[in-house]
Amino acid sequence: TAPCTNKTLAFPPGCACVANATPTSPTLKAAKSTVAPKAKDTLTGTLKAGTKVLAGQSVKLEKRAAGAKSFTVVATKTTDAKGHVVVTVTPGTRKGQKEQYELVFAGTSSYKPSHSSIITVTVA
């Protein structure tokens, strides 16, 4: 299949693009928006299609330094029975660092690809 793109999202070549696929909406939350240097934070994501949670789906947690253009994959997880994934991260080693995270779902033949909103964790 051809790459999936729209005005705000770009998806890798070969992602499942099906005209009648159901839209999805991943969400991502941090346990703490501010952490001490070298401290861990827990990020929790949920993948849904409308009000239905999507279990057993592969999602990627991506991060970038605040202001950077590109994200890198931190973890690949499979959603549990409630559509949740939990990832522990260490945002930085120095005060003032800011890391941005997003949850990415590549899509399937039944569900459209999507990205969560970007969240920021600050090292203070």
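One gets the numbering used here by counting positions in the sequence shown from 1 and adding 174 to each.
Think of the CB as a built atom: it goes at the ideal place given N, C-alpha and C, for glycine as much as any other residue.
Across the structure, P211 and N194 are spaced so that their CA atoms are roughly 46 angstroms apart. For the 7 angstroms CB-CB criterion, V233 and L221 form a contact.
Only residues of its own chain outside the window of five on either side were considered, and among them A204, A205, K206, V209, T262, V263, T264, P265 and V295 have a CB closer than 8 angstroms to the CB of D215, listed in chain order. Counting along the chain, A239 sits inside the beta strand (DSSP E) bounded by residues S232 to A239. For T296, the enclosing beta strand (DSSP E) starts and ends at I293 to V297. A contact between stretches requires three or more CB pairs, one per stretch, nearer than 8 angstroms, and the segment 271-281 meets this requirement with the segment 233-245. Between E236 and T246 the beta-carbon gap is near 6 angstroms, inside 8 angstroms, which marks them as a contact.
In this structure, T198 lies near K286, with their beta-carbon atoms less than 7 angstroms apart.
Rounded to whole angstroms, V259 and T225 show a C-alpha spacing of 17 angstroms. Under the 10 Å beta carbon count, A223 is surrounded by 16 or more other beta carbons and is classified as buried.
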